[in-house]
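Chemist:
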Amino acid sequence: MNLHTFDSTAGSSAPGAPACCGHAHGHAPPTAPAGHHHPAHAPAAAPPAAQPEGTTYVCPMHPQVRQDGPGDCPLCGMALEPELPRDDGDDPELVDFSRRFWWTLPATLLVMTLAMAGHAVPGLDHAVRPWVELLLSAPVVLWAGRPFFARGLQSLVNRSPNMWTLIATGVGAAFAYSTVATLAPQAFPASFRVDGHVGVYFEAAAAIVSLTLLGQMLELRARAKTSAAIRALLGLAPQTARRLDADGGETDVPIAQVQVGDRLRVRPGEQVPVDGVVLEGHSHVDESMLTGEPLPVDKQPGDTLIGATLNGSGALVLCAEQVGEQTALSRIVQLVAQAQRSRAPLQRLADRVARGFVLAVVAVAVLSFVAWGVFGPEPRWAHAILNAVAVLIIACPCALGLATPLSVMVATGRAALQGVLFRDAAAIETLQRVDTLVVDKTGTLTLGRPAFRQLVATTGHAADEVLRLAASLERASEHPLAAAIVAEAGRRGLALAPAQDFAATSGSGVRGTVDGHAVALGNAALLQALGLDPAPLRAAAEGLGRAGASVVFVALDGRLAGLIAVADPLKASTAEAVQALRAAGIRIVMASGDAATTAHAVAAPLGIDEVHAGLRPQDKLALVERLQAAGHVVAMAGDGINDAPALARADVGIAMGSGTDVAMHSAQVTLVQGDLRGIARARRLAGATVTNMRQNLLFALLYNGLGVPVAAGVLYPAFGLALSPLLAALAMSASSVSVVANALRLRRA
């Protein structure tokens, strides 16, 4: 499946019978008959092929690391996560770490108690106590801490030092030193002894393991919340569908068994099982869970349905057109998952810092060890061991690595629930810097399909009768203007009659006979061919033309009977969206392929002053390039194939969810409902996300910048302060959890 494409036709309506289940139904606009001049979109591309079955696992910090099954990342050592969140129970790594933590926690507490107050226990003298601590700490370090040592060894084998290198080295050094001190205390010189005994630090090794396990458990639980949006989307999908059998019966079947072409019944209050087209019935469908549109959408035969949306009070029969991974919901989930695993440009800073960070920390730990061993107070080398371990533990770069990926994961999930799909993290970071928005007209500012505006009848002709005869003739045409005329006649409840001798005249219009009347519809050229003077309606036609409408003259029995104006109306949300974007300081530029008169008629009521009309695809591309050359950060919003070059060239391409696959493939952002208000929402969220990422990076860098020197002992000469490995381990875990908690604040953005 192509993860960069998404197709949704929510709320669209197509006249005629649906395409599946043996009926003819074309999603591409029909060929325009002569005499009608209206831009037509090219047919939508075929849906992409489904992904092969199986679960792909990726690293949350290094999304380029991918494999078919679970495992550890060879770069950072973190457990790989399924690309799409599973809903089959707890995270196995969380379960494993929890078991190790709780089983060994009593031993850790006991060994810490002995280290601090063992001298008060009768019978535990300096010769016996180290052996007891060794027995208690061995299962903690060697069993509970085994995953840490395995990941640390893996980092050395892969020549990719990471946080587990530091933890394994620190814990291993403390435990190995204490074990040798217990087994062969006579091997140590006097500088290692206190009151004649060699100090042991089993409690430090055990506590670091337990605190690291606890920190990992808290982090894993918090990281799981970053996928809450995808889990919510996955939870929308119904589990069964009611299939209509060939013999007239009905059977409830698992959703996985639904095939393209199946006829399915959706009862009142049920979820739509898959994407399809209405065959029978009338209802209102709540699509807010996928599109963010709060008002239910009217659905009649010929209208499209999106799987997982909620049917209202009416019963519907639909024909399945997209099933499995081809449904709109599945594509949204795939696109959100891809965006969550992408890398933000800000991550490059973290990568550059972290690349040599671990080696630098090891060097600092060695220097601290030598400095304390040579210049420190007695027992000098015992202090050297403790401070070197503290440096290794507190410097773990986990918080630095998680700083930006978690913000991206939360933000993309939050945006998806609002009907905005980001293709990658770079789009989030760039969108908040956009200062100029280039918008297409048709399908972006307007609905993208003609609608009846006005009928003007000449003296002696009734308006409804003119419309009835015109619609009866146009019913034989497949042109979008004809569909608008027929739809208006249906809205008025006019009874249409069959047309005879239907013929299209190249460059002018259509003719035929209806109820014995000679009917002709078309432009001024058609009237001239019929020998009719348009003068009685010329003023009205010119006025409607200046207002952006297409005018069709109607002649009955050789006489001018009236005109019908059809226009592509503005979307209900366009004016509010333009106002919100202008209030945010965005410069709005219209780029349209339509004539200047039509383009300005649409721009004027919206207050858009900068209008470029009559543009070809290469002209829109050149416009974007000129704006970029002038120093502007440009976003382009469009829905057609002719917008694709400009969408691809813009700093951020924004596609309408009801547009073509080509447009959406070229864009970095998709508005599911095609509502421009989503741009303002997405830009606000992008700003909050970038701020959140910077906060996380600043916190992680400050933490390591301040923590490492303190652990190395720079405060000891002046203040007598030294950081124990236990406090270092606690601080290391707290830093990672705090970064995750800060990222989760974006769920309320």
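Per the UniProt record's numbering, residue 1 is the first one in the sequence shown, and the count goes up by one each step. Even for Gly, the Cβ is constructed at its ideal location relative to N, Cα and C.
1) What residue range is occupied by the uninterrupted alpha helix (DSSP H) comprising D275?
2) Pair every Cβ in the stretch 685 to 702 with every Cβ in the stretch 588 to 602, then say whether three or more of these pairs are closer than 8 angstroms.
3) Run through the DSSP bridge pairs and tell me what F452 is partnered with.
4) Buried or exposed, going by whether 16 or more other CB atoms sit within 10 Å of the CB of V391?
5) Taking DSSP's pairing of strands, which residues face S550 in a bridge?
6) From the DSSP output, in three-state form, read off K571 for me.
7) Going by CA-CA distance only, name the one from R151, W131 and V140 that's closest to L80.
8) Contact check, I608 vs V652 under 8 angstroms by CB: the rounded distance?
9) When burial is assigned at 16 or more other CB atoms within 10 Å of the CB, is C128 buried or exposed?
10) Assuming the contact rule is C-beta atoms closer than 8 angstroms, F148 and S178 should be a hit. Round their C-beta distance to whole Å, please.
11) Using 10 angstroms around the beta-carbon of A308, count the other beta-carbons present and answer buried if the total reaches 16, otherwise exposed.
12) Given that a residue counts as buried once 16 or more other Cβ atoms are within 10 Å of its Cβ, and exposed if not, what is R331?
13) Closest to L746 by C-alpha separation, out of A416, G512, E83 and L213, would be which residue?
14) Where does Q216 fall in DSSP's three states?
15) If you check the beta carbons only, do A204 and V141 fall under 7 angstroms apart?
16) Can you give me the Cβ contacts of V259 inside the same chain, cut-off strictly under 8 angstroms, excluding the 5 residues immediately before and after it?
17) Between the alpha carbons of S738 and L218, how many angstroms are there, rounded?
18) With 16 other CB atoms within 10 Å as the buried threshold, where does T108 fall?
19) Using the Cα positions of H461 and L563, report the straight-line distance between them to the nearest angstrom.
20) According to DSSP, is residue 797 helix, strand or coil?
21) Identify, in the order they occur along the chain, each residue of the same chain with its Cβ nearer than 7 angstroms to the Cβ of V624, setting aside the five sequence neighbours on each side.
22) Is the stretch 268 to 281 in contact with the stretch 238 to 257, if contact means three or more CB pairs nearer than 8 angstroms?
23) Threshold first: 4 residues or longer. Then list the alpha helix (DSSP H) segments lying entirely within the stretch 562 to 632, N to C.
24) Determine the extent of the beta strand (DSSP E) in which V297 is found, giving its start and end residues.
25) Can you list, in chain order, the residues of its chain with a C-beta nearer than 6 angstroms to that of G548? Leave out the 5 residues immediately preceding and following it.
26) Helix, strand or coil: which one does DSSP assign to A241?
27) Using CA coordinates, which residue listed in L329, V456, R265 and H612 is at the minimum distance from V551?
28) Please work out which residues of its chain come closer than 8 angstroms, Cβ to Cβ, to A575, disregarding the five sequence neighbours upstream and downstream, and give them in chain order.
29) Got a sec: does the ligand SAH put a non-hydrogen atom nearer than 6 angstroms to the Cβ of W381?
30) Please name the residue or residues paired with M636 in a DSSP beta bridge.
31) Along the beta strand (DSSP E) that carries P254, what are the first and last residues, could you check?
32) For V266, which residues in the same chain have their Cβ closer than 6 angstroms to its Cβ, ignoring the five residues on either side in sequence?
33) Can you grab the Cα-Cα spacing for the pair D286 / G170, in whole Å?
34) What are the boundary residues of the alpha helix (DSSP H) that A700 is part of?
35) Taking Cβ positions, are L527 and P536 nearer each other than 7 angstroms?
36) Is the stretch 181 to 190 touching the stretch 162 to 169 in the sense that three or more CB pairs, one from each, lie closer than 8 angstroms?
Modeler: Reading it off the structure:
1) Within the sequence shown, residue 275 is the residue found at index 275, counting from 1. For D275, no alpha helix (DSSP H) encloses it; the enclosing beta strand (DSSP E) starts and ends at D275 to G281.
2) By the Cβ rule, the stretch 685 to 702 does not count as touching the stretch 588 to 602, because fewer than three pairs are nearer than 8 angstroms.
3) Residue mapping note: residue 452 aligns to position 452 of the sequence shown, counting from 1. Beta-bridge pairing links F452 to V566.
4) Taking the first residue of the sequence shown as position 1, residue 391 is located at position 391. With 16 or more other Cβ atoms within 10 Å, it is buried.
5) Within the sequence shown, the letter at position 550 stands for residue 550. In the DSSP output, where bridge partners are listed per residue, S550 has V566.
6) Counted from its first residue, the sequence shown places residue 571 at position 571. Correct three-state label for K571: coil.
7) Numbered from its first residue, the sequence shown carries residue 80 at position 80. If we check each option's Cα against that of L80, R151 comes out closest.
8) Residue 608 sits at position 608 when you count from the first residue of the sequence shown. Residue 652 sits at position 652 when you count from the first residue of the sequence shown. No, I608 and V652 are not in contact; Cβ-Cβ is about 19 angstroms, not under 8 angstroms.
9) Here residue 128 corresponds to residue number 128 of the sequence shown, with the count starting at 1. Here the sequence assigns Val to residue 128, which means Cys is not the residue at that position. It is exposed - the Cβ of V128 has fewer than 16 other Cβ atoms within 10 Å.
10) As a first step, residue 148 is located in the sequence shown; it is residue number 148 there, counting from the start. As a first step, residue 178 is located in the sequence shown; it is residue number 178 there, counting from the start. About 17 angstroms separates the CB atoms of F148 and S178; that is not less than 8 angstroms, and the two are not in contact.
11) Residue 308 sits at position 308 when you count from the first residue of the sequence shown. A308 counts as buried, since at least 16 other C-beta atoms from the protein chains shown sit within 10 angstroms of its C-beta.
12) The residue you call residue 331 lines up with position 331 of the sequence shown. Result: buried.
13) Your numbering for residue 746 matches position 746 in the sequence shown. It is A416.
14) Against the sequence shown, residue 216 aligns to sequence position 216. Assigned with DSSP and collapsed to three states, Q216 falls in helix.
15) Numbered from its first residue, the sequence shown carries residue 204 at position 204. Numbered from its first residue, the sequence shown carries residue 141 at position 141. No, these two residues do not count as a Cβ contact at 7 angstroms.
16) For the purposes of this step, residue 259 is taken as residue 259 along the sequence shown, with counting starting at 1. Going by the sequence as given, residue 259 is Gln instead of Val. Close CB contacts of Q259 within its chain, under the 8 angstroms cut and outside five residues either way in sequence, are with A320 and V323 (chain order).
17) Sequence index remark: in the sequence shown, residue 738 carries index 738 (1-based). Sequence index remark: in the sequence shown, residue 218 carries index 218 (1-based). Going by the C-alpha atoms only, they are around 10 angstroms apart.
18) Position 108 of the sequence shown, counting from 1, holds the residue named residue 108. Flag for T108 reads buried.
19) Within the sequence shown, numbered from 1, the residue matching residue 461 stands at position 461. Within the sequence shown, numbered from 1, the residue matching residue 563 stands at position 563. So the two alpha carbons sit approximately 11 angstroms from each other.
20) In the structure as shown, the chain starts at 1 and stops at 749, and residue 797 therefore has no counterpart that could be examined.
21) Here residue 624 corresponds to residue number 624 of the sequence shown, with the count starting at 1. Its chain contains V438, V634, M636, A646, R649 and A650 as the residues whose beta carbon lies nearer than 7 angstroms to that of V624, once the 5 sequence neighbours on both sides are disregarded; these appear in chain order.
22) Because the criterion of three Cβ pairs below 8 angstroms is met, the stretch 268 to 281 and the stretch 238 to 257 touch.
23) 574 to 583, 596 to 606 and 617 to 629, all fully within the stretch 562 to 632.
24) As a working mapping, residue 297 is identified with position 297 in the sequence shown. Per DSSP, V297 belongs to the beta strand (DSSP E) from V297 to K299.
25) For this step, residue 548 is matched to residue 548 along the sequence shown. Excluding the 5 residues flanking it on each side, G548 has same chain C-beta neighbours closer than 6 angstroms at A567, T598, A601 and V602, in chain order.
26) One-based indexing of the sequence shown puts residue 241 at position 241. Looking at A241 - three-state DSSP - the assignment turns out to be strand.
27) Looking up residue 551 in the sequence shown gives position 551. Selected option, being the one with the closest Cα: V456.
28) Start at 1 with the first residue of the sequence shown, and residue 575 comes out as number 575. Excluding the 5 residues flanking it on each side, A575 has same chain C-beta neighbours closer than 8 angstroms at P605 and L606, in chain order.
29) Looking for the ligand SAH in the displayed structure turns up nothing, as the structure carries no ligands at all.
30) Numbered from its first residue, the sequence shown carries residue 636 at position 636. M636 is bridged to V438 and G653.
31) Here residue 254 refers to the residue found at position 254 when the sequence shown is read from its first residue. E250 to P254 is the span of the beta strand (DSSP E), which, as asked, contains P254.
32) To locate residue 266, count along the sequence shown from 1; it is residue 266. For V266, same chain residues with a beta-carbon under 6 angstroms away, outside a window of 5 residues either side, are V272, N311 and L316 in chain order.
33) What you label residue 286 is simply residue 286 of the sequence shown in a count that begins at 1. What you label residue 170 is simply residue 170 of the sequence shown in a count that begins at 1. Going from the Cα of D286 to the Cα of G170 covers about 57 angstroms.
34) Counted from its first residue, the sequence shown places residue 700 at position 700. Run containing A700: R677 to A712, per the alpha helix (DSSP H) assignment.
35) To locate residue 527, count along the sequence shown from 1; it is residue 527. To locate residue 536, count along the sequence shown from 1; it is residue 536. Contact annotation: L527 and P536 have beta-carbon atoms that are not nearer than 7 angstroms.
36) Here the stretch 162 to 169 does not lie against the stretch 181 to 190, with fewer than 3 beta-carbon pairs under 8 angstroms apart.
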